[in-house]
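Participant: For the sequence shown, the numbering used here gives the first residue as 14, with consecutive numbering after it. Built from N, CA and C at the ideal position, the CB exists for glycine as well.
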Amino acid sequence: MAIITGQIIIGLMVDHFGWFGNTQVMLDYKRLAAIALLAGALYLIYLSDLRRKAEHYAQPINYLFLLTFYNSSEITYQI
14 MAIITGQIII GLMVDHFGWF GNTQVMLDYK RLAAIALLAG ALYLIYLSDL RRKAEHYAQP
74 INYLFLLTFY NSSEITYQI
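#1: Touching or not, the region 31 to 40 and the region 55 to 62, by the rule of three or more beta carbon pairs under 8 Å?
#2: Distance, Cα to Cα, Arg-64 vs Leu-51?
#3: On the three-state DSSP scale, how would you describe Leu-40?
#4: DSSP on Gly-31, reduced to helix/strand/coil?
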């Protein structure tokens, strides 16, 4: 996500200041609105990834599998 954000910011700076011999394209409200929408979309993608990871780790543990394949002497309890 940081890579995409950095590319957008640098692209806007190149356009705004006319670097590398490009024609200058001033930053107006339409471009600012587009940037805000892109940032919102990136944030939603980030949240969905966090939610997917949280759902993955919240799956129940199959204790019957653990009891079947692990010897009780190998299980240690730490307090």
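Facilitator: Result, derived from the coordinates:
#1: Contact between the region 31 to 40 and the region 55 to 62 is absent, because fewer than three Cβ pairs lie under 8 Å.
#2: 20 Å
#3: DSSP places Leu-40 in coil when its eight states are reduced to three.
#4: coil
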